[in-house]
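Undergrad: Okay, here's the structure, questions in a sec.
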Amino acid sequence: MCGITGFIGSDGAIQIALESLKRLEYRGYDSVGIAYPQNNHIAVVRATGNISRLHDRLGGDVPDVAVAIAHTRWATHGQPTEANAHPHQDCSGQIAVAHNGIIENYGPLRDELQRMGHRFSSETDTEVLPHLIEHYLHEAGDLVEAVRLSLRRVEGSYAVAVISTRYPGGVIVARKDSPLVIGLAEGSKLIASDIPAVLPYTKDVLILEDGDVVVVTPGAVILTDISGKTAHRSPTRVGWSIEEAEKGGYSHYMLKEIHEEPVAVRNALRGRIDNDRAILEGLTISPADWRRFQRVEIVACGTAYHAGLVGKRLMEQILRIPTEAVIASEFRYSDPLVDEKTLVLLISQSGETADTLAAMREAKQRGAYTLAIVNVMGSTLAREADGVIYTQAGPEIGVASTKAYLAQLAVIHLLAIHWAQQIDAPFLNDGVSRPLLVNELERLPDLIASALQGEPHIKSLADRLADRSCFIYLGRGYDFAAAMEAALKLKEISYIHAEAYAAGEMKHGPLALIEPGVVVIGLATQPTTNLKLWSNLKEVKARNGTVVVVHTEGESVPDGSDYQISIPPAPPSLMPAIALVPLQLLAYHIANARGCPIDQPRNLAKSVTVE
Ligand code: M6R
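For the sequence shown, my numbering assigns the number 368 to the initial residue and increments by one for each residue that follows.
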């Protein structure tokens, strides 16, 4: 969701800033722009649409400059027009700003600046920033101080990059509630909203924290806080290779990331299982603290929330502690019933989702212990929560979350088992003992690899179903949680209407939708409820719906189902991780057959950093 890049070196800044920007395309955007100091002024070139449109605008003869900042915009305030694209400038044209986030008090700031004579040329919230900086530059005489004074006036969230003719060899960057990193290469520096954008140039990054205001030049990074006090922070060495962050021969990131699932889950479990025990090092919760918690609230958005639905069932079964899974945007405004006896578990791939961050802060304020399951190292959620468990799934670029979901499920199992060990919980898990569950969890990467073998069958099924316009996913218990995620995968990348229902609800309304052409995918992986699910599928068949059943190998399937997908068996709580493999592939191949832009679905962004 919006992306900033920049290069500060000696030459080639435009090409490098735009190459880096391409690596942020997965975040989603609808316009693009670049700014660079040239001949005593700041040149700004912008375009609607994608980065190649900006290349067209720049023409064949791109100036060779030492510094540039670039931006992809995902429209929030104002249409995706060229005038609203970033970077934005002040009245004098001497300052340009690229911004991610939302300036909530931009209305009054804009009125105030207009009264002072500033002229605005866009509808964006961002444009107040260059004008504020221009205003304070007259007062303070120093550009960095003018940036600080301006940011102190701003309510909301920001990652900003500022260039000016006053400072032609450098860039000033700052952040609050929106990610930004600085890549530390020899003799040059890069700025970016996300680490993959700088990986071709360096693996050493400085991750900005809220309140940082940093002056970046080719040879130095001067870190201060918003009051001007100098700060020090060690850089982070990134463990991923550039190949890991790129497509590696697959036609889409999503397909690559589905095929990485066995490795992602293996990495999530690595070093965290010892015989039949789960080991979560780094958590500073004592056995007494674990016993203190009397409620669990799992809070997340989208796919991460669906992982939380699995977590709810598992924790209640194993720990016998009341557990709720709540959508973060609902939690934060619900006056939530949490206190120091509550553990609030936040789940997020990016660790930057605005609603999840706000929920975490709300829970902290109410005295709860906040524990985060996060994929991106150093992200805001990882830094601010009381405790963090990394999913270690590697970079996930495709907008549709795939391997991160499976890694989240693996980590949720580790957490529940670890907690059960700490409090000697009775472990009533559908008759599955702790040693058995731990052993099966260790086998999960192999079971996922085996489910991936079914891809040719899934692709031919996708080709047959790609022209259908309504899909309903049914399941009970863990299968219902998995159905929710499977439906989200299909709708977000193929634009086909897809819904998930608890199978028992069919007769209470949704059955009216069934007619020839409607596809009903029944998940039947739970021994205790499979027979009930079959009855629901027969009711669909009787009304001429198309029935696809996902079942475990060796289990019989209901008479009359049209298509079958068989997956390896495992304990009930692990079945969502296995069932999602063919269902992610089905969504992928249907979307591909329909010619959809799979890695960047319309209207969606990888990281939702605004409400
Ligand atoms: O980074 P997060 O896990 O916090 O993101 C949450 C959702 O925005 C995300 O899972 C979204 O639903 C994905 N597009 C689903 O594929």
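Don't be surprised by glycine CBs; every beta carbon is placed ideally from N, CA and C. Note that the structure is predicted; figures quoted are calculated from it, not measured.
I'd like to check one pair, L880 with C837: are the Cβ atoms closer than 9 angstroms?
TA: yes
Undergrad: Could you spell out where the beta strand (DSSP E) holding F374 opens and where it closes?
TA: G370 to I375
Undergrad: Give a yes or no on whether the C-beta atoms belonging to E866 and A854 are separated by under 9 angstroms.
TA: Yes, these two residues count as a Cβ contact at 9 angstroms.
Undergrad: According to DSSP, is L878 helix, strand or coil?
TA: helix
Undergrad: Using 10 angstroms around the beta-carbon of Q820, count the other beta-carbons present and answer buried if the total reaches 16, otherwise exposed.
TA: With fewer than 16 other Cβ atoms within 10 Å, it is exposed.
Undergrad: In angstroms with no decimal places, state the Cα-to-Cα distance between P812 and P938.
TA: 14 angstroms
Undergrad: Can you grab the Cα-Cα spacing for the pair P925 / W901, in whole Å?
TA: 6 angstroms
Undergrad: Quick one: grab the DSSP three-state call for G445.
TA: coil
Undergrad: Suppose the cutoff is 7 angstroms on Cβ atoms and the five residues either side in sequence are ignored; what does the same chain contact list for S601 look like?
TA: For S601, where only same-chain residues beyond five positions count, there are no Cβ hits under 7 angstroms.
Undergrad: Count the other CB atoms, across all protein chains shown, that sit within 10 Å of the CB of Y700; report buried if there are 16 or more and exposed otherwise.
TA: In summary, Y700 is exposed, with fewer than 16 beta-carbon neighbours lying within 10 Å of its beta-carbon over all protein chains present.
Undergrad: Go through the segment 746-774 residue by residue and report every complete run of the alpha helix (DSSP H) that reaches 4 residues or more, in order.
TA: Within the segment 746-774, the complete alpha helix (DSSP H) runs of at least 4 residues fall at 747-751.
Undergrad: Using 8 angstroms as the cut-off, can you tell me whether the segment 706-725 makes contact with the segment 651-671, which would need three or more C-beta pairs spanning the two stretches below that distance?
TA: yes
Undergrad: Kindly give me the distance between the Cβ atoms of A760 and A635, rounded to whole angstroms, as I take these residues to be in contact under 8 angstroms.
TA: Sure, about 6 angstroms apart at Cβ, within 8 angstroms.
Undergrad: In terms of DSSP beta bridges, what is Y525 paired with?
TA: K543 and D544
Undergrad: Under 8 angstroms: does the beta carbon of I714 sit that close to some heavy atom of the ligand M6R?
TA: yes
Undergrad: Out of curiosity, what's the CA-to-CA distance linking G842 and I965?
TA: 26 angstroms
Undergrad: Name the residue from A598, G379, I932 and V572 whose alpha carbon lies nearest to the alpha carbon of A818.
TA: I932
Undergrad: Determine, using beta-carbon pairs with one atom in the segment 581-598 and one in the segment 616-632, whether at least three such pairs fall under 8 angstroms.
TA: no
Undergrad: Can you tell me whether L898 is buried or exposed? The criterion is at least 16 other CB atoms within 10 Å of its CB, across all chains shown.
TA: exposed
Undergrad: Per DSSP, which residues does K556 bridge with? Please list them.
TA: I375 and L551
Undergrad: Have a look at A528 and D702 and give me their C-alpha separation to the nearest angstrom.
TA: 36 angstroms
Undergrad: Between which two residues does the beta strand (DSSP E) harbouring G889 extend?
TA: V886 to A891
Undergrad: Name the one or two DSSP bridge partners that T584 has.
TA: A587
Undergrad: In terms of alpha-carbon separation, which member of A552, L832 and G468 lies closest to V605?
TA: A552
Undergrad: For N897, which of helix, strand or coil comes out of DSSP?
TA: In the three-state scheme derived from DSSP, where H, G and I count as helix and E and B as strand, N897 is classed as helix.
Undergrad: Is the CB-CB distance between P563 and L391 below 9 angstroms?
TA: yes
Undergrad: Name the DSSP beta bridge partners of D641, please?
TA: R644
Undergrad: Using DSSP's beta-bridge definition, name the partner residues of T709.
TA: R662
Undergrad: On the CB-based measure, 16 or more other CB atoms within 10 Å of its CB, does L803 come out buried or exposed?
TA: In this structure L803 is exposed. Its beta-carbon is surrounded by fewer than 16 other beta-carbon atoms within 10 angstroms.
Undergrad: Once you ignore the five residues that flank V565 on each side, which residues in its own chain have a CB closer than 6 angstroms to its CB?
TA: G550, L557 and A559
Undergrad: Would you mind working out which of A507, R486, Y525 and E386 sits nearest T493, comparing C-alpha positions?
TA: Y525
Undergrad: Tell me where the alpha helix (DSSP H) around P404 begins and ends.
TA: Segment S398 to Q405 is the beta strand (DSSP E) holding P404; no alpha helix (DSSP H) there.
Undergrad: Counting C-beta neighbours from all protein chains within 10 Å, is the total for Q775 16 or more, i.e. buried, or is it exposed?
TA: buried
Undergrad: Measure the Cβ-Cβ separation of V580 and V538 and say whether it is below 9 angstroms.
TA: no
Undergrad: Does T747 have its Cβ less than 9 angstroms from a Cβ in chain D?
TA: No chain D is present in this structure, which holds just one protein chain.
Undergrad: Can you tell me whether G884 is buried or exposed, with buried defined as 16 or more other CB within 10 angstroms of its CB?
TA: exposed
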